[in-house]
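Worksheet: one structure, shown below.
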Amino acid sequence: MSSKVIQEPNAADPKEQGTQPEAQQQQEKIAYPGLSGEMAVQPDCGEQSYKGLGRLEGKVALITGGDSGIGRAVAIAFAREGADVVLSHLPDEEQDGAETKKWVIDAGKRAIQIPGDLQDPAYCKSLITRTVEEFGKIDLLINVAAYQMSHEDVQEFSDQEFDRTFKTNVYALFWLCRAALQHMKPGSAIVNTASIQAYDPSPNLLPYAATKAAIVNFTKGLSQLAMKQAVRVNAVAPGPVWTPLIPATMPEEKVKQFGKTTSFGRAAQPVEIAPVFVFLSSNEARFVTGEIYGITGGQSPF
959 MSSKVIQEPN AADPKEQGTQ PEAQQQQEKI AYPGLSGEMA VQPDCGEQSY
1009 KGLGRLEGKV ALITGGDSGI GRAVAIAFAR EGADVVLSHL PDEEQDGAET
1059 KKWVIDAGKR AIQIPGDLQD PAYCKSLITR TVEEFGKIDL LINVAAYQMS
1109 HEDVQEFSDQ EFDRTFKTNV YALFWLCRAA LQHMKPGSAI VNTASIQAYD
1159 PSPNLLPYAA TKAAIVNFTK GLSQLAMKQA VRVNAVAPGP VWTPLIPATM
1209 PEEKVKQFGK TTSFGRAAQP VEIAPVFVFL SSNEARFVTG EIYGITGGQS
1259 PF
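The sequence shown: position 172 = 1130 (the numbering used here), numbered continuously.
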């Protein structure tokens, strides 16, 4: 009688170092904006694994969407690299924001939460003002927050939803960058978040994909203006990443298959995206500006 041999995951195989699509089968749709605690399979934001090297020592960073997902992973990484952190998120995401703040404080750095809606230009301006008031400066602006909804028919995209997507993803970016650059000193950096959707758009994410294309163009244009005051501007363009936004905005069937078409056969974990934000924010990237860094799991159309 033969016995079945159970194969243990290969720790050296990058394909096996993140959540597999099979584990996503149990994930039900959750209400927007989605909280980490509502997810059947928790994203890995580097809580137990990210180790800093002091590359951002003494810096002050404002991170939008800093409550969960990529934003949380970036906040944890930045704190362990030596930065104090300001977390922007929606009021409904207060619980996740508090958890991220805890991880920053555990790293020995200061953190404050400033909840609000990025569609409001006054809120965007207040984020920069509060950061400078609390910490005396702003060195890094990290624009992660985004809004998306998925529809299969163009008629299902309302004017209100289209407007909200552009206000959150593009207008806020402009308002924040314009305000931050009034205070940024030479050596500061802005890192925006584009997407593979900017280059290979999914029709069910029509407005979202269009905003990400705008962010690519915006980043390249702003980088030339910002360099006049010695501030670098770059963007990260992820492929599929396992965050609360996915089950909160996509149909269950798409969630179950999410990330399966990458070369890795899975979506990225937020912790796998954060190191590129660290690099672009650090002096190691001092000759890098106007660039778009893809992290797409092999789906690179750049």
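Idealized CB from N, CA, C, for every residue including glycine.
For S994, which residues in the same chain have their Cβ closer than 6 Å to its Cβ, ignoring the five residues on either side in sequence? These residues qualify, in order along the chain: S1026, D1054, P1202.
Taking the alpha helix (DSSP H) that N1150 belongs to, which residues open and close that run? Annotation for N1150: no alpha helix (DSSP H) segment contains it, though the beta strand (DSSP E) segment containing it runs 1147-1151.
For N1192, which beta-bridge partners are listed by DSSP? DSSP, once it has assigned bridges, lists V1149 as partnering N1192.
Please report how far the alpha carbon of G1024 lies from the alpha carbon of W1200, in whole angstroms. When rounded, the distance between both Cα atoms is 15 Å.
Any C-beta of chain B under 9 Å from that of T1169: Included in the structure is just one protein chain, with no chain B present.
Coil, strand or helix - G1010 by DSSP: Looking at G1010 - three-state DSSP - the assignment turns out to be coil, as it is neither helix nor strand.
My assumption, with CB atoms under 8 Å, is that I1231 sits in contact with I1204. Please give the rounded CB distance. At roughly 14 Å, the Cβ-Cβ gap does not stay under 8 Å, so I1231 and I1204 are not in contact.
Take the Cβ of S961 as the centre, count every other Cβ of all protein chains shown within 10 Å, and call the residue buried at 16 or more, exposed below. Bear in mind that the predicted position of S961 carries a pLDDT of just 35, short of 50, making it too unreliable to give a figure here.
Report the option in S1046, F1237, N1162, P1159 whose CA atom is closest to the CA atom of L1131. Minimum Cα distance to L1131 is reached at S1046.
Are the CB atoms of A1193 and T1277 within a distance shorter than 9 Å? This structure cannot settle anything about residue 1277, because the visible part of the chain is limited to 959 through 1260.
How far does the beta strand (DSSP E) with A1069 in it extend, from its first residue to its last? Counting along the chain, the beta strand (DSSP E) containing A1069 begins and ends at 1069-1073.
Take L1180 and list the residues in its own chain whose beta-carbon comes closer than 7 Å to its own, dropping the five residues that flank it on each side. Residues C1135, V1191 of the same chain have their beta carbon placed closer than 7 Å to that of L1180, with the five preceding and five following residues left out of the count.
So G1055 is in the alpha helix (DSSP H); what residue range does that whole segment cover? Counting along the chain, G1055 sits inside the alpha helix (DSSP H) bounded by residues 1052-1064.
Through-space distance from Q984 to M1208, alpha-carbon basis: If I take the Cα positions, the gap works out to 14 Å.
For the candidate residues A998, V1062, T1219, whose alpha-carbon lies nearest to that of K973? Nearest option by C-alpha distance: T1219.
In whole angstroms, what is the alpha-carbon distance linking T1247 and N1241? C-alpha of T1247 to C-alpha of N1241: approximately 12 Å in a straight line.
Run through the DSSP bridge pairs and tell me what V1043 is partnered with. V1043 is bridged by DSSP to A1019, A1069.
Hey, how far is the Cα of A1206 from the Cα of Y1105? The C-alpha of Y1105 is placed about 11 Å away from the C-alpha of A1206.
From what residue to what residue does the beta strand (DSSP E) around G1179 run? Counting along the chain, G1179 falls outside any beta strand (DSSP E), though it belongs to the alpha helix (DSSP H) covering 1164-1184.
Does the beta-carbon of D1042 have 16 or more other beta-carbons within 10 angstroms, so that it is buried, or is it exposed? Taking all protein chains shown into account, D1042 has 16 or more neighbouring C-beta atoms within 10 Å of its C-beta and is therefore buried.
Cutting at 8 Å between CB atoms, please list the residues of its own chain near F1216, excluding the five before and the five after it. Within the same chain, and ignoring the five residues on either side of F1216 in sequence, the residues whose Cβ sits closer than 8 Å to its Cβ are P979, Q982, P1198, W1200, I1204, M1208, A1225.
In the DSSP assignment, find the alpha helix (DSSP H) that holds Y1081 and state where it starts and stops. Annotation: the continuous alpha helix (DSSP H) that includes Y1081 extends over 1079-1093.
Once the 5 residues before and after A1147 are set aside, which same chain residues still bring their CB inside 6 Å of it? Hits under 6 Å: L1098, R1190, S1239.
Counting along the chain, where does the beta strand (DSSP E) carrying G1262 start and finish? Only positions 959 to 1260 of the chain appear in the structure, and residue 1262 is not among them; the question remains open.
Tell me, please, which residues DSSP counts as bridged to I1100. The beta-bridge partner set that DSSP reports for I1100 consists of I1021, V1149.
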